[in-house]
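Asker: Quick one: the structure is below, and I'll ask about it shortly.
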Amino acid sequence: MGKWKRGLALLLIAAGAGLFVYPRLQMVLADRSQTIAIGRYEEGVSGYDAKWKEGELEKARAYNSSLSEAVFPDPFGTGGTLETAGEYEEILNVEKGMMGILEIPCIDVELPIYHGVGEEVLQKGVGHISQTAFPVGGAGNHTVLSTHRGLPDAKLFSDLDEVEPGDTFYIRILGDNLAYEVDQVEVVDPGDVSLLAPEEGEDYVTLLTCTPYGINSHRLLVRGSRVHYVPEVKAQIRKKVVRTEKYIVWGAGIIAVFAAAAGAAGCVRARGRKRRQI
């Protein structure tokens with residue numbers, strides 16, 4: 048009976064390890080999917096000539112100039128249904144609605160940027176709120192990018208609350224690199240968009256997500272102000288370590304397999320001995 052209990056304990060350990068592994072394995076798969084999308088985008092950009100790229104940038108700048116300062120609804124309060132115009136969808140559309148790449152080295156995040164903030168977009172990358180400027184830089188522009196945090200199967204903006212003033216994030220658009228230094232971190236009510244308005248002479252990008260983690264009653268706003276892009280600085284910021292998350296996944300997976308095997312073997316031996324005693 049003692050061995051039977053030991054086998055049951057091993058099975059419970061295996062089940063617990065499986066519960067631990069599953070969400071992290073999903074995150075690894077989501078990360079791989081995002082990496083593939085980014086690779087396809089960069090490959091697509093390399094296939095266009097300078098004339099086409101400049102034409103797209105001009106369209107984006109014209110779009111930005113046409114924007115009013117009208118208040119737009121909270122992306123998470125609309126169920127991901129903010130409307131976008133057809134013309135908007137075609138500007139900077141390089142790869143299946145993807146317009147660029149957001150990189151936040153201090154939290155080891157690199158995500159594709161898509162048009163709009165529909166739920167499908169928010170599940171796989173960062174959405175650009177169409178009522179704000181395209182992220183192509185320029186004085187008087189204020190871009191707002193948004194996605195989820197706390198999803199069980201994707202990291203996205205889960206660690207955005209760890210970003211602090213002085214940190215730098217980057218946007219890649221059609222091969223151009225734009226750097227933004229965080230100068231403001233605020234928590235506001237969902238309907239408060241007063242901090243998202245453009246300011247004359249300033250070039251801002253704000254990263255928007257829900258907070259607190261798991262409650263989502265407010266909105267976390269991380270604003271960056273445009274600074275000079277220095278590749279060497281970016282290289283220093285980026286962590287030069289292999290993500291421990293993947294090691295945790297595979298290590299726990301191996302433990303789960305061995306525990307399950309040991310538990311099954313223990314059960315078989317216990318049953319065999321019980322039958323012989325009978």
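With our numbering as the guide, the letters of the sequence shown map in order to residues 48 to 325.
All C-beta atoms, glycine included, are put in the ideal place defined by N, C-alpha and C.
1) Could you check which residue in 78, 110, 281 has the C-alpha nearest to that of residue 189?
2) Curious, which full-length alpha helix (DSSP H) runs of at least 4 residues does the segment 148-230 contain?
3) Going by beta carbon distance, what residues of the same chain come within less than 7 Å of residue 258, once the five residues before and after it are set aside?
4) Check for me: the alpha helix (DSSP H) holding residue 133 runs from which residue to which?
5) What's the gap between the Cα of residue 90 and the Cα of residue 122?
6) From this set, 95, 252, 101, which residue's C-alpha is nearest residue 176's C-alpha?
7) Let me make sure I understand the geometry here. Which of 168, 248, 255 has the alpha-carbon closest to that of residue 205?
8) Alpha helix (DSSP H) containing residue 331: first to last residue?
9) Quick check on residue 79: buried or exposed, where buried means 16 or more other Cβ atoms within 10 Å of its Cβ?
10) What did DSSP end up calling residue 142 once you bin it into helix, strand or coil?
11) From the DSSP output, read off the bridge partner residues of residue 272.
12) Have a look at 239, 225, 241, 247 and flag the residue whose alpha-carbon is nearest the alpha-carbon of residue 278.
13) Does the segment 196-204 come close enough to the segment 132-147 to have 3 or more Cβ pairs within less than 8 Å?
14) Is residue 283 helix, strand or coil when you go by DSSP?
15) Who are the near neighbours of residue 276 in its chain, counting only those whose CB is closer than 7 Å to its CB and skipping five residues on each side?
16) Using only alpha-carbon positions, find the residue among 283, 272, 166 that is nearest to residue 231.
17) Looking at the structure shown, is residue 235 part of a helix, part of a strand, or coil, going by DSSP?
18) With a threshold of 16 other CB atoms inside 10 Å of the CB of residue 262, please say whether the residue is buried or exposed.
19) Under the rule that 16 or more other beta-carbon atoms within 10 Å means buried, what is residue 212, buried or exposed?
20) Do you know how far the Cα of residue 281 is from the Cα of residue 136?
21) What are the residues that DSSP puts in a beta bridge with residue 82?
Answerer: Here's the rundown:
1) The option with the nearest alpha carbon to residue 189 is 110.
2) Secondary structure within the segment 148-230: the alpha helix (DSSP H) runs of 4 or more consecutive residues, fully enclosed, are 166-171 (chain order).
3) Leaving aside the five residues that flank residue 258 on each side, the residues in its chain whose CB is nearer than 7 Å to its CB run, in chain order, 208, 234, 265, 266, 267.
4) Where residue 133 is concerned, the enclosing alpha helix (DSSP H) starts and stops at 133-137.
5) Cα to Cα, residue 90 sits roughly 30 Å from residue 122.
6) Of 95, 252, 101, the residue nearest in Cα terms is 252.
7) Comparing Cα-Cα distances from residue 205 to each of 168, 248, 255, the minimum goes to 255.
8) No answer is possible for residue 331: it lies beyond the span of the chain, which begins at 48 and ends at 325.
9) It counts as exposed.
10) Judged by DSSP in its simplified three-state form, residue 142 adopts strand.
11) The beta-bridge partner set that DSSP reports for residue 272 consists of 228, 251.
12) If we check each option's Cα against that of residue 278, 225 comes out closest.
13) Under the three-pair Cβ rule at 8 Å, the segment 196-204 does not count as touching the segment 132-147.
14) In this structure, residue 283 counts as helix in the three-state DSSP scheme.
15) Only 224, 225, 226 meet the Cβ criterion.
16) With distances taken between Cα atoms, residue 231 lies closest to 272.
17) In this structure, residue 235 counts as strand in the three-state DSSP scheme.
18) Answer is exposed; the Cβ neighbour count stays below 16.
19) The Cβ neighbour count for residue 212, taken over all protein chains shown within 10 Å, is under 16; the residue is labelled exposed.
20) When rounded, the distance between both Cα atoms is 30 Å.
21) Answer is none; residue 82 lacks a bridge partner.
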